[in-house]
Every structure is written in structure tokens, then in C-alpha cells.
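Following full-length UniProt numbering, the numbering of the sequence shown begins with 1 at its first residue and continues without gaps.
Note that beta-carbon positions come from the ideal geometry of N, C-alpha and C, so glycine has one too.
These numbers were taken from a predicted model, which means no experiment stands behind them.
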Amino acid sequence: MAKPLRRIGSRRNGRIRSRKNARKVPKGIIHIQAGFRNTIVSITDGQGRVISWSSAGTCGFRGPRRGTAFAAQTAARDAIRTVVDQGMRRAKVMIKGPGLGRDAALRAIRRSGIRLSFVRDITPMPHNGCRPPKKRRI
1 MAKPLRRIGS
11 RRNGRIRSRK
21 NARKVPKGII
31 HIQAGFRNTI
41 VSITDGQGRV
51 ISWSSAGTCG
61 FRGPRRGTAF
71 AAQTAARDAI
81 RTVVDQGMRR
91 AKVMIKGPGL
101 GRDAALRAIR
111 RSGIRLSFVR
121 DITPMPHNGC
131 RPPKKRRI
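Here it is in C-alpha cells:
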């Protein structure tokens with residue numbers, strides 16, 4: 001007679017744990033994407049898997065207030081709160097975009113107690129860019 005298959009992690013053998021608190025992440029990368037209309041902060045581990053994220057829109061800011069420095073600061077504080085609970089102590093910061101939230105989000109990260117190994121600006125810059133439109137003839 002064949003043995004019945006045991007399911008790992010099923011309710012019967014009582015091995016259910018919350019996924020969010022199970023992972024301990026000592027080091028990570030903080031990505032700040034600061035546009036003119038919104039600021040998105042996502043925090044990843046070393047391999048690039050997203051642990052936590054937040055944006056000015058998800059923090060309750062709507063319309064023109066979403067692009068402000070205060071909204072970016074609130075979004076950064078909201079994203080960092082969860083990873084500090086998971087044990088993150090050190091981080092690298094990658095900032096992309098020309099928006100108002102660049103400095104404010106970085107200030108919020110520094111105040112949170114996470115040690116920053118480096119801060120890098122990865123804003124895409126054109127190396128000669130697109131071809132301009134033809135001259136107007138009147």
C-alpha cells in the first residue's frame with residue numbers, strides 16, 4: 001500500500017507563519033524615483049527583490065500636492081518603517097529623476113537611522129538625444 005503524501009506547510013501540521021516578518025534583511029538598496037508629479041520609494045534586498053515600497057499617492061496625497069517635497073518625505077518614511085522592523089541597518093541609495101522629492105526623501109532616510117554606504121544619482125541623461133524636428137518654414 002502506498003504512503004499518503006504529506007503536504008509541507010499545510011494547516012494540519014501547523015507550520016503557517018507570516019511571510020512579511022519571516023525575512024531578516026540586514027542590507028538593502030533604496031530606490032527613489034522623483035518625478036514632477038509623484039515620488040516613488042522602493043526598497044529592495046541585495047538581489048533586487050522588492051521588500052517594501054511607497055509613493056506620495058499611496059500616502060494620501062492627491063493632485064498637485066503629490067509632487068511636493070513633504071509628500072516625498074512622507075512616502076520615504078512610510079517605506080522605511082517596515083524594513084527597519086525587519087532589521088535593515090545599512091543601505092545604498094539610488095536616486096532617479098528631476099523632481100522636488102529628491103532631497104526631502106534622502107533627508108527622511110538619513111533621519112531614520114539606516115546607515116548609508118553611498119548615494120548615487122542614476123538619472124538617465126541623453127548622449128546626444130533624439131533628432132530635433134525640422135526647421136519651420138514660413
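Between the region 45-56 and the region 73-82, are three or more C-beta pairs nearer than 8 Å? yes
Report buried or exposed for T44, applying the criterion of at least 16 other Cβ atoms within 10 angstroms of its Cβ. Looking up residue 44 in the sequence shown gives position 44. With 16 or more other Cβ atoms within 10 Å, it is buried.
Measure how close the beta-carbons of S112 and V93 come, nearest whole angstrom, since I'm counting them as under 8 Å. As a first step, residue 112 must be located in the sequence shown, where it is residue number 112. As a first step, residue 93 must be located in the sequence shown, where it is residue number 93. Not a contact, Cβ separation roughly 12 Å.
Assuming contact is defined by CB atoms lying nearer than 8 Å, are K27 and A91 in contact in what I supplied? One-based indexing of the sequence shown puts residue 27 at position 27. One-based indexing of the sequence shown puts residue 91 at position 91. Yes, these two residues count as a Cβ contact at 8 Å.
Based on Cα-Cα distance, which residue from R23, M125 and P98 lies nearest to I40? To locate residue 40, count along the sequence shown from 1; it is residue 40. The option with the nearest alpha carbon to I40 is P98.
Measuring only the C-alpha atoms, how far is R136 from R110? Looking up residue 136 in the sequence shown gives position 136. Looking up residue 110 in the sequence shown gives position 110. Distance from the CA of R136 to the CA of R110, rounded to the nearest whole angstrom, comes to 50 Å.
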